[in-house]
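Protein sequence lines, in the order shown, are assigned to chains A and B. 87 is the number that the numbering used here gives to position 86 of the first sequence; each next residue is one higher, with no gaps. 126 is the number that the numbering used here gives to position 125 of the second sequence; each next residue is one higher, with no gaps. Yeah, the Cβ is synthetic: ideal placement off N, Cα and C, and Gly gets one too. First comes the structure, then the notes that go with it.
There are 2 protein chains.
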Amino acid sequence: MDRDSVVASLLRRLETVSKLDPADIAAIRSLPIAVRHWAGARAIVSDGERPSECCLIVEGFCIRSKTTEAGQRQILSIHIPGDIPDLQSLHLHRMDHDLSTLVPSTLGFISHASLRTLTHARPNVADALWRDTLIDAAIFREWIVNVGQRPAPARLAHIVLELRERLLAIRGGAEPATFEFPLTQEQIGEALGITPVHANRIIRLLREDGIVDVSRGQVHVLDETRLAELAQFDDRYLHQDPAA
Amino acid sequence: MDRDSVVASLLRRLETVSKLDPADIAAIRSLPIAVRHWAGARAIVSDGERPSECCLIVEGFCIRSKTTEAGQRQILSIHIPGDIPDLQSLHLHRMDHDLSTLVPSTLGFISHASLRTLTHARPNVADALWRDTLIDAAIFREWIVNVGQRPAPARLAHIVLELRERLLAIRGGAEPATFEFPLTQEQIGEALGITPVHANRIIRLLREDGIVDVSRGQVHVLDETRLAELAQFDDRYLHQDPAA
DNA sequence: TCCTATCCTTAACCTTTGTTTGGAACCGGC
DNA sequence: GCCGGTTCCAAACAAAGGTTAAGGATAGGA
């Protein structure tokens with residue numbers, strides 16, 4: 002993985018979401034990034050730590066999660082290449098949740114110091130990164146709605162369509178009928194706020210109903226129309242258009 | 002309500018959360034703020050709109066909420082004086098949720114233009130406001146956990162303790178046994194992701210158990226220890242210490 | 001004062017989700 | 001090829017929460 006393609010994954014993401022001029026892009030390109038490989042299902046930063054760098058996902062999938070005193074885990078977000086899932090640590094110094102890989106991943110680490118220098122020198126870049134963290138928050142809001150208001154099958158449908166939409170934004174092309182979704186049923190349950198047994202029930206249900214097949218780390222959309230109807234998915238909250 | 006005390010509510014909040022130097026404070030003081038009074042239960046900005054100003058709560062209580070196609074409403078956050086609940090609209094131009102008052106409130110409106118000038122001129126202030134939006138996101142994360150993992154009585158206990166903690170941060174003093182909580186039972190249900198009938202059930206339960214009494218827009222803590230135990234409340238996610 | 005809204009309260013019943021448990025399939029390491 | 005762990009699948013039962021419905025309290029307005 003060469004340097005150029007590492008920065009490219011970040012720029013592709015930022016540019017789908019913000020407008021940057023050539024000088025901003027040049028400044029981002031000159032950021033020092035330390036690339037490291039990570040195994041799957043490993044912690045990157047943990048609750049309570051005080052990281053001194055942020056983590057760019059170059060390749061792979063990561064999740065953020067929180068574990069209650071009672072030992073129950075809630076997955077808060079799923080992250081894909083181009084995301085900086087712990088960008089908030091730039092200003093929130095102590096982690097209030099965990100960040101970990103789902104699958105073997107390539108990560109790029111950028112020091113807080115160099116990010117702070119960059120954002121202070123280039124307010125436009127600061128705005129773009131700020132906006133990125135605000136989109137993160139917009140997705141959290143939608144997840145509160147998902148977990149709070151929708152019945153379990155609709156929750157799964159919604160999360161699946163959100164991930165597809167976000168993958169589309171960084172990869173381009175048409176809406177694929179099949180795509181990666183590297184969560185076990187237990188993790189799906191943790192993301193939806195249900196038990197693994199119930200996750201299994203609704204996955205089976207959606208498969209038997211010919212709506213969507215979630216299995217072996219993949220999603221196969223079987224009936225586009227009924228899936229959309231079930232999920233009530235409206236991509237406005239992803240704020241993918243820099244002009245809007 | 003004179004100008005000084007309007008800015009003071011903002012500064013008190015920002016200073017519990019970030020470190021500002023005198024020049025930053027002076028710059029914030031010189032922000033043009035238009036003060037207006039709002040009735041209770043009225044929209045301030047609505048889903049889909051493109052506001053050109055942000056709203057500072059000087060006095061009163063506000064909520065943010067989202068309504069699904071099916072017509073169910075989820076309350077996303079509760080806001081108190083000193084908060085700028087729609088600060089995200091500075092970079093996320095189209096609203097993806099509603100902001101409204103709970104009770105008659107005094108609001109200060111600050112134009113995006115003047116905020117953008119300020120943040121570009123003073124990176125420190127930009128960082129403080131950015132941090133504020135990140136704390137907002139940290140609270141969303143905790144709400145996902147609340148709604149996703151905790152049983153209904155614990156959800157109510159948690160939300161009640163969160164609000165008390167945040168009121169304490171802007172008002173000072175000791176933890177009060179009684180404080181305002183101006184939500185109807187229907188709204189409590191909307192915040193917890195349960196029906197009003199079930200909200201009533203658990204409110205009664207907590208009252209009969211001598212843990213906490215939530216009624217007529219007020220909270221009376223009856224048993225501090227058992228309430229804390231039920232809520233599993235840990236204030237770290239509020240990030241109230243600028244040094245940490 | 002009464003009228004009307006809204007809110008709170010309660011009960012009976014139903015649906016979804018959790019719990020417990022056990023077995024089958026799969027996978028990497030030896 | 002076997003073994004131990006994980007993942008997936010499934011059924012029976014229990015509990016939490018949703019639905020429907022209706023009466024009672026409270027507060028503001030005519």
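Of the residues B:Gly149, B:Asp25, B:Leu116, B:Leu11, the one whose Cα lies closest to the Cα of Ala170 of chain B is B:Leu11. The Cβ-Cβ distance between Leu77 of chain B and Ser66 of chain B falls below 9 Å.
Counting C-beta pairs closer than 8 Å gives fewer than three between the segment 52-72 of chain B and the segment 145-154 of chain B, which falls short of the contact rule.
Closest in alpha carbon position to Ser112 of chain B, among B:Pro124, B:Pro105, B:Leu88, is B:Leu88. Taking 9 Å as the cut-off, the beta carbon of Ile58 of chain A is found no closer than this to the beta carbon of Leu119 of chain A. In the DSSP annotation of this structure, the continuous segment of the beta strand (DSSP E) that includes His38 of chain B starts and ends at 35-39. Within the segment 131-215 of chain B, the beta strand (DSSP E) runs of at least 3 residues that lie entirely inside it are, in chain order, 179-181. In the three-state reduction of the DSSP assignment, His80 of chain A falls in the strand class.
Secondary structure of Leu100 of chain A (DSSP, three-state): strand. Where Ser53 of chain A is concerned, there is no enclosing alpha helix (DSSP H), because DSSP gives it neither an H nor an E. DSSP places Ser115 of chain B in the helix class (H, G or I) of the three-state scheme. Not flagged as an interface residue toward chain A: Val126 of chain B, since no C-beta distance is shorter than 9 Å.
Residue pairing by DSSP places Ile58 of chain B opposite B:Leu108 in a beta bridge.
Residue contact check for Lys20 of chain A against chain B: no CB pair falls below 9 Å. The alpha-carbon of Phe180 of chain B is positioned some 18 Å away from that of Thr102 of chain B. Spatial neighbours of Val46 of chain A in its own chain (CB-CB distance under 8 Å, excluding positions within 5 residues in sequence) are listed in chain order as Pro52, Cys56, Asp87, Ser90, Met96, Asp99, Leu100. Of all residues in the segment 145-166 of chain B, only Ile145, Val146, Val148, Gly149, Gln150, Arg151 come within less than 8 Å of chain A when Cβ atoms are compared, listed by chain position. Val222 of chain A has A:Val213 as its beta-bridge partners, per DSSP. At a Cβ-Cβ threshold of 9 Å, Leu130 of chain A and Ile85 of chain A count as neighbours.
Within the segment 182-207 of chain A, the residues whose Cβ lies closer than 8 Å to any Cβ of chain B are, in chain order, Leu193, Gly194. Here Pro82 of chain A is buried: its Cβ has 16 or more other Cβ atoms, across all protein chains shown, within 10 Å. Short of 6 Å from the beta carbon of Arg30 of chain B, and not among the five residues preceding or following it, lie these beta carbons of its own chain, in chain order: Val8. At least one beta carbon of chain B lies nearer than 9 Å to the beta carbon of Thr134 of chain A.
Interface flag for Asp97 of chain A against chain B is set, since a Cβ pair is found closer than 9 Å. By the rule that beta-carbons nearer than 9 Å mark a contact, Asp137 of chain B touches chain A. Legend: CB atoms of the segment 212-243 of chain B lying less than 7 Å from CB atoms of chain A belong to residues Gln233, Arg237, Tyr238, His240.
Non-local C-beta neighbours of Ala114 of chain B in its own chain, meaning closer than 8 Å and more than five positions away in sequence, comprise Ser53, ordered along the chain. Per DSSP, the beta-bridge partners of Ser66 of chain B are B:Ile76, B:Asp99. Distance check between Ala229 of chain A and each of A:Gly218, A:Arg237, A:Val220, A:Ile212 places A:Ile212 closest, using alpha-carbon atoms only. Taking the Cβ atoms as the reference, Ile136 of chain B lies roughly 7 Å from Leu239 of chain B, within the contact range of under 8 Å. Secondary structure of Ala42 of chain B (DSSP, three-state): coil. The beta-carbon of Ala170 of chain B is placed no less than 9 Å from the nearest beta-carbon of chain A.
In terms of Cβ geometry, Asp25 of chain B and Val126 of chain B form a close pair [threshold 9 Å].
Between the beta-carbon of Val36 of chain B and that of Phe62 of chain B there is about 17 Å, and that puts the pair past the 8 Å contact cut. Ile64 of chain A and Leu157 of chain A have their C-alpha atoms some 16 Å from each other. For Arg14 of chain B, the enclosing alpha helix (DSSP H) stretches over residues 4-18.
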